[in-house]
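Using the numbering used here, the first residue of the sequence shown is number 11, and each one after it goes up by one. First up is the structure itself, then whatever we jot down about it.
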Amino acid sequence: MQESSEIEISRRDLMIGAAAAAVTAAAAPTANAQATTVGAPAMPKVSFTINGEVRSLALDTRTTLLDALREHLHLAGTKKGCDHGQCGACTVIVNGQRINSCLTLAVMHEGDSITTIEGLGTPRDMHPMQAAFVKHDGFQCGYCTPGQVCSAVAVLHEIEAGVPSHASADLIERPQATAAEIRERMSGNICRCGAYSNIIDAITEVAGRKA
Numbered sequence: 011m012q013e014s015s016e017i018e019i020s021r022r023d024l025m026i027g028a029a030a031a032a033v034t035a036a037a038a039p040t041a042n043a044q045a046t047t048v049g050a051p052a053m054p055k056v057s058f059t060i061n062g063e064v065r066s067l068a069l070d071t072r073t074t075l076l077d078a079l080r081e082h083l084h085l086a087g088t089k090k091g092c093d094h095g096q097c098g099a100c101t102v103i104v105n106g107q108r109i110n111s112c113l114t115l116a117v118m119h120e121g122d123s124i125t126t127i128e129g130l131g132t133p134r135d136m137h138p139m140q141a142a143f144v145k146h147d148g149f150q151c152g153y154c155t156p157g158q159v160c161s162a163v164a165v166l167h168e169i170e171a172g173v174p175s176h177a178s179a180d181l182i183e184r185p186q187a188t189a190a191e192i193r194e195r196m197s198g199n200i201c202r203c204g205a206y207s208n209i210i211d212a213i214t215e216v217a218g219r220k221a
C-alpha cells in the first residue's frame, strides 16, 4: 500500500508540474511581446527651424532640447552646465524668448524658431553682442559665454518690448537698459569666473548703440 501511495503522489506531482510548465510556456511569448512594447521608446518626428534652417529629427520623447541640439544636431555651442536650469549655460532663444534648453523637451517645440549661439554670428561676422563681449573681456574660461550672449540679446529685446522685471515692476514708465535693470534680468546666468562687471559693460554698450 505504501508503495502504491508513493507512486500515486508522484503521478499527481508530475501532472501538476506538467500543467504548470505548459501554462508558463504559453504565457512566455505574450510576456516577451508586452515587455518589448513597453520597453521601446516612442520616437516621433519633430521639425523646427534652427538658426534659419528647417531641421527634422526622430527623437525619443524624453530628449531635452539641449541634448537634441548638442547630440543630434551637433551644435555644441550651447553648453550643458548644471542640467537643472540653475546656471543658464544652455540658454537659447525660442520664438524670440530666452529659455533654458535643459528644462524643456525637444518634442514640445514642433514648428518653433530656435536661435543658438551659432546662429547669432560667426568669428568673421560677429553679432554686436559677441563683439562687445570680446571688447570688454566679458568672459574668462568662456564656458558660460554662449548662454550669456544669447540671454543678453534677449534681455535687450525684453526691455525694448517693455517687459517688466523685479527691478522695474514698480515703475509706471517703460523699463530702461540701466545697469541695475540688466543685472536683474541677467541674474539667471551664472559666471563662475566672476566676469559680471565686464558682462554688464558689454550689454550696456550694445544697449547704448540701440538707443
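Think of the CB as a built atom: it goes at the ideal place given N, C-alpha and C, for glycine as much as any other residue. None of the values given here were measured: they were computed from a predicted structure.
DSSP places LYS145 in the uninterrupted alpha helix (DSSP H) bounded by 138-145. Annotation: the region 96-124 contains no complete segment of the alpha helix (DSSP H) (minimum length 4 residues). The beta-carbon separation of THR214 and ALA187, rounded to 7 Å, stays under the 8 Å limit for a contact. It is roughly 16 Å from the alpha-carbon of MET136 to the alpha-carbon of ALA217. Boundaries of the beta strand (DSSP E) harbouring ALA68: 63-68, taken from the DSSP string. Take the alpha-carbon of GLY172 and the one of PRO185: they are about 6 Å apart. Scanning ILE103, ASP147, SER178 and ASN105 for the CA closest to the CA of SER207 turns up ASP147.
A Cβ-Cβ separation of about 14 Å leaves LYS89 out of contact with GLY198 under the 8 Å criterion. Pairing ALA177 with GLU183, the inter-Cα distance amounts to about 12 Å. In the DSSP assignment, ASP135 is bridged to THR132.
Contact check for VAL117 and THR71: beta-carbon distance about 5 Å, within the 8 Å limit, so the pair qualifies. Annotated three-state conformation of VAL163 is helix, per DSSP.
Going by beta carbons, LEU69 and GLY95 fall outside the 8 Å limit. Of all alpha-carbon atoms in ILE209, HIS119, GLU63 and ALA205, the one lying nearest the alpha-carbon of LYS55 is that of HIS119.
In the structure shown, the three-state DSSP call for ILE210 is helix. Straight-line spacing of the CA atoms in LEU115 and VAL64 works out to 18 Å.
In the structure shown, VAL56 falls within a strand segment according to DSSP collapsed to helix, strand and coil. Around the CB of GLY98, 16 or more other CB atoms lie within 10 Å, so the residue is classed as buried.
Counted as a single uninterrupted DSSP element, the alpha helix (DSSP H) harbouring ALA189 occupies residues 189-195. In this structure, SER111 sits near THR74, with a CB-CB distance shorter than 8 Å. The alpha-carbon of GLN107 is positioned some 21 Å away from that of ALA142.
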